[in-house]
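Visitor: Number 584 in the numbering used here belongs to position 242 of the sequence shown; there are no gaps in the numbering.
Beta carbons: idealized from backbone N, C-alpha and C, even for Gly.
Have a look at this one before I ask anything.
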Amino acid sequence: MIHKSPVMKPRGRILIFAAMYLCIFIISVDAGEAPTTCASKAIVDQLNAAAILNIKNTDSAQHRIIGQNALCLEDVKSKKDKLNKTNIGSETLNVLSDNKYLLKVKSEDLKLVKAEHGQGNWYVNYQQHYHNIPVSRAFVGLTLTNEGKVTILGSDFHQGINIPTTPEISKRDAIEVAKSYVNFDNKTDFTDSIYLVIFPVDKKYYLAWKVKLFSNDPLGDWVFFIDANSGKIIYRYNAMRFGSVSGRVTAIWAQPLYGTI
Numbered sequence: 343m344i345h346k347s348p349v350m351k352p353r354g355r356i357l358i359f360a361a362m363y364l365c366i367f368i369i370s371v372d373a374g375e376a377p378t379t380c381a382s383k384a385i386v387d388q389l390n391a392a393a394i395l396n397i398k399n400t401d402s403a404q405h406r407i408i409g410q411n412a413l414c415l416e417d418v419k420s421k422k423d424k425l426n427k428t429n430i431g432s433e434t435l436n437v438l439s440d441n442k443y444l445l446k447v448k449s450e451d452l453k454l455v456k457a458e459h460g461q462g463n464w465y466v467n468y469q470q471h472y473h474n475i476p477v478s479r480a481f482v483g484l485t486l487t488n489e490g491k492v493t494i495l496g497s498d499f500h501q502g503i504n505i506p507t508t509p510e511i512s513k514r515d516a517i518e519v520a521k522s523y524v525n526f527d528n529k530t531d532f533t534d535s536i537y538l539v540i541f542p543v544d545k546k547y548y549l550a551w552k553v554k555l556f557s558n559d560p561l562g563d564w565v566f567f568i569d570a571n572s573g574k575i576i577y578r579y580n581a582m583r584f585g586s587v588s589g590r591v592t593a594i595w596a597q598p599l600y601g602t603i
């Protein structure tokens, strides 16, 4: 006797698909952290497709979190007053501190870069510092509603930095290294700024002088990252943008009256 397999009803397909989706999501987040349970449960509890976009960086920290209801993020605690220029810094630092196990950031290493308000949201950006030295391209940003609901969070925080912070070469020497790359003319060219940064390269960290200078040959607003110990150029780029525009201009030209030229 041949037994036919029962046809799976659409409801069964939906349940299996939901289970597979949930498993994939659980794998995509960091295992062993308490927020993992919260995140996976939130998908089941909230069927309104509120989403988390989780992309790991090299330190296995949460790189991007996007959600309609900011899933698993502890929101701003003081709900009585709306966020404003006075409290935005302290309140958002509290959010980052409350979620440090999920985000793997140290709030004490963050310094506020900007806090802007528009269209009912706050846009807050912090930069990571190591022993009061800024870490290049290491930012933590939040988008919050006026009431303190976190809707987007992004983190490029670097963990495990452990390097000396005393430079072997001076500012003057670093500037000379940068000048040697261009045909520097003391009459027309100039150094805009120079300061120490931590520069990450492939999981390694360098103490570097960040030198900005203007040059006519080659033309550009040049930015150099110079190893503060060896004096070698780690990275450089031209911040000046070049482009060309072509088109036709139509305008009304009034014939000047006699005697007005």
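Any idea which residues DSSP pairs Ile430 with across the strands?
Guide: Position 88 of the sequence shown holds residue 430. Ile430 pairs with nothing; no bridge assigned.
Visitor: When you compare only the Cα positions, how much space is there between His500 and Tyr443?
Guide: Mapped onto the sequence shown, residue 500 falls at position 158. Mapped onto the sequence shown, residue 443 falls at position 101. When rounded, the distance between both Cα atoms is 14 Å.
Visitor: Quick check on this structure: which residue in Glu450, Ile517, Tyr468, Asp451 has the alpha carbon closest to the alpha carbon of Glu458?
Guide: The residue labelled residue 458 in the question sits at position 116 within the sequence shown. It is Tyr468 whose Cα lies nearest to the Cα of Glu458.
Visitor: Where does Asn463 fall in DSSP's three states?
Guide: To locate residue 463, count along the sequence shown from 1; it is residue 121. Note: Asn463 maps to strand in three-state DSSP.
Visitor: Hey, Phe566 and Ala520: beta-carbon distance below 9 Å or not?
Guide: Reading the sequence shown from its first residue, position 224 is the one you call residue 566. Reading the sequence shown from its first residue, position 178 is the one you call residue 520. Yes, they are a contact pair.
Visitor: When we look at the beta-carbon of Gln461 and count the other beta-carbons within 10 Å, is it buried (16 or more) or exposed?
Guide: Counting from 1 along the sequence shown, the entry for residue 461 is found at position 119. Result: exposed.
Visitor: Just tell me which of Lys546, Asn488, Asp559 has its CA closest to the CA of Lys427.
Guide: Counting from 1 along the sequence shown, the entry for residue 427 is found at position 85. Nearest option by C-alpha distance: Asn488.
Visitor: Contact between the stretch 466 to 483 and the stretch 517 to 534 is defined here as three or more beta-carbon pairs at a separation below 8 Å; is this criterion met?
Guide: Because the criterion of three Cβ pairs below 8 Å is not met, the stretch 466 to 483 and the stretch 517 to 534 do not touch.
Visitor: Could you tell me which uninterrupted alpha helix (DSSP H) segments, each at least 4 residues in length, are contained entirely in the stretch 503 to 545, listed from first to last along the chain?
Guide: Listed in chain order, the complete alpha helix (DSSP H) runs (minimum 4 residues) inside the stretch 503 to 545 are 513 to 523.
Visitor: Provide the residue(s) that pair with Tyr579 in DSSP beta bridges, ordered along the chain.
Guide: One-based indexing of the sequence shown puts residue 579 at position 237. Note: Tyr579 sits in a beta bridge opposite Val565.
Visitor: Mind reading off the beta-carbon distance from Met582 to Asp563? Whole number of angstroms is fine, and I expect it under 8 Å.
Guide: By one-based count along the sequence shown, residue 582 stands at place 240. By one-based count along the sequence shown, residue 563 stands at place 221. Contact holds; Cβ gap of about 4 Å.
Visitor: Please state whether DSSP places Glu489 in a helix, a strand or coil.
Guide: In the sequence shown, counting from the first residue as 1, residue 489 sits at position 147. It is coil, neither helix nor strand.
Visitor: How would you label Asp451, buried or exposed, when you count the other beta carbons within 10 angstroms and need 16 or more for buried?
Guide: Looking up residue 451 in the sequence shown gives position 109. It is buried - the Cβ of Asp451 has at least 16 other Cβ atoms within 10 Å.
Visitor: Between the beta-carbon of Ile576 and the beta-carbon of Ile475, is there less than 9 Å?
Guide: Taking the sequence shown and counting its residues from 1, the one referred to as residue 576 is at position 234. Taking the sequence shown and counting its residues from 1, the one referred to as residue 475 is at position 133. It is not a contact, given that the beta carbons lie outside the stated cut-off.
Visitor: Where does the unbroken alpha helix (DSSP H) through Lys446 begin, and where does it stop?
Guide: Working through the sequence shown from its first residue, we reach residue 446 at position 104. Where Lys446 is concerned, there is no enclosing alpha helix (DSSP H), given that its DSSP letter is neither H nor E.
Visitor: Using the Cβ count rule (16 or more neighbours within 10 Å means buried), how would you classify Asp569?
Guide: The residue given as residue 569 occupies position 227 in the sequence shown. With 16 or more Cβ atoms within 10 Å of its Cβ, Asp569 is classed as buried.
Visitor: Identify whether Leu454 lies in helix, strand or coil by the three-state DSSP scheme.
Guide: Along the sequence shown, read from residue 1 onward, the residue named residue 454 stands at position 112. It is a strand residue.
Visitor: Nearest to Tyr548 by alpha carbon, out of Val437, Thr508, Asp531?
Guide: On the sequence shown, residue 548 is found 206 positions in, with the first residue counted as 1. The shortest Cα separation from Tyr548 among Val437, Thr508, Asp531 belongs to Thr508.
Visitor: Using only CA atoms, which one of Lys446, Leu561, Lys546, Glu433 lies nearest to Tyr465?
Guide: Position 123 of the sequence shown, counting from 1, holds the residue named residue 465. The residue with the shortest Cα to Cα distance from Tyr465 is Glu433.
Visitor: Taking 8 Å as the cut-off, does the CB of Leu538 come closer than this to any heavy atom belonging to the ligand FMN?
Guide: As presented, the structure is devoid of all ligands, the ligand FMN included, so that no description of it is given.
Visitor: Just the C-alpha distance for Ala550 and Ile594, rounded to the nearest angstrom, thanks.
Guide: Along the sequence shown, one-based indexing puts residue 550 at 208. Along the sequence shown, one-based indexing puts residue 594 at 252. Approximately 56 Å, taken between the alpha carbons.
Visitor: Check this for me: beta carbons of Val524 and Asp531, under 9 Å apart or not?
Guide: Taking the first residue of the sequence shown as position 1, residue 524 is located at position 182. Taking the first residue of the sequence shown as position 1, residue 531 is located at position 189. Contact flag set, yes.
Visitor: Look at the alpha carbon of Asn571 and the alpha carbon of Ile511, and state the distance between them as a whole number of angstroms.
Guide: Indexing the sequence shown from 1 puts residue 571 at position 229. Indexing the sequence shown from 1 puts residue 511 at position 169. For Asn571 and Ile511, the distance between alpha carbons rounds to 6 Å.
Visitor: DSSP three-state label for Leu435, please.
Guide: For the purposes of this step, residue 435 is taken as the residue at position 93 of the sequence shown. Helix, per DSSP.
Visitor: With distances taken Cα to Cα, identify the nearest neighbour of Tyr472 among Asn504, Leu454, Gly589.
Guide: Here residue 472 refers to the residue found at position 130 of the sequence shown. Among Asn504, Leu454, Gly589, the Cα nearest to that of Tyr472 is on Asn504.
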